[in-house]
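Okay, so here's the structure we're looking at.
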Amino acid sequence: MVLDAREVKPGDVKFFEKLKEYKHSVVFKAEVHGTTCVMKVFRDRGPSQWDPLDREVNLFVREFTAYARLKAKGLCE
Numbered sequence: 001m002v003l004d005a006r007e008v009k010p011g012d013v014k015f016f017e018k019l020k021e022y023k024h025s026v027v028f029k030a031e032v033h034g035t036t037c038v039m040k041v042f043r044d045r046g047p048s049q050w051d052p053l054d055r056e057v058n059l060f061v062r063e064f065t066a067y068a069r070l071k072a073k074g075l076c077e
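Taking UniProt numbering, the leading residue of the sequence shown gets 1, the next gets one more, and so forth.
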């Protein structure tokens, strides 16, 4: 089951354990709507005056967009 991230509310998620921690994100074993999954949670640094105006810098938006494009081409479930 693949959920659109917009379908998941904070109360829908149960975190079980931290699997890996990175500079900009943490990966958890979690449960969403009764399904065990792996969830990547980004540390949002917020906008900066140095952010380029011609490209997206929010890591969640970038990964979500990449996944949506791969899914649209049939390369992901």
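Note that CB positions come from ideal geometry on N, CA and C, so glycine has one too.
Counting the other Cβ atoms within 10 Å of the Cβ of residue 30 gives 16 or more, which makes it buried.
Shown here, residue 7 sits in a helix according to DSSP, grouped into three states. Counting C-beta pairs with one atom in each stretch, the region 68–77 and the region 38–49 have fewer than three that are closer than 8 Å, which means they do not touch.
Collapsing the DSSP output to three states places residue 41 in a strand.
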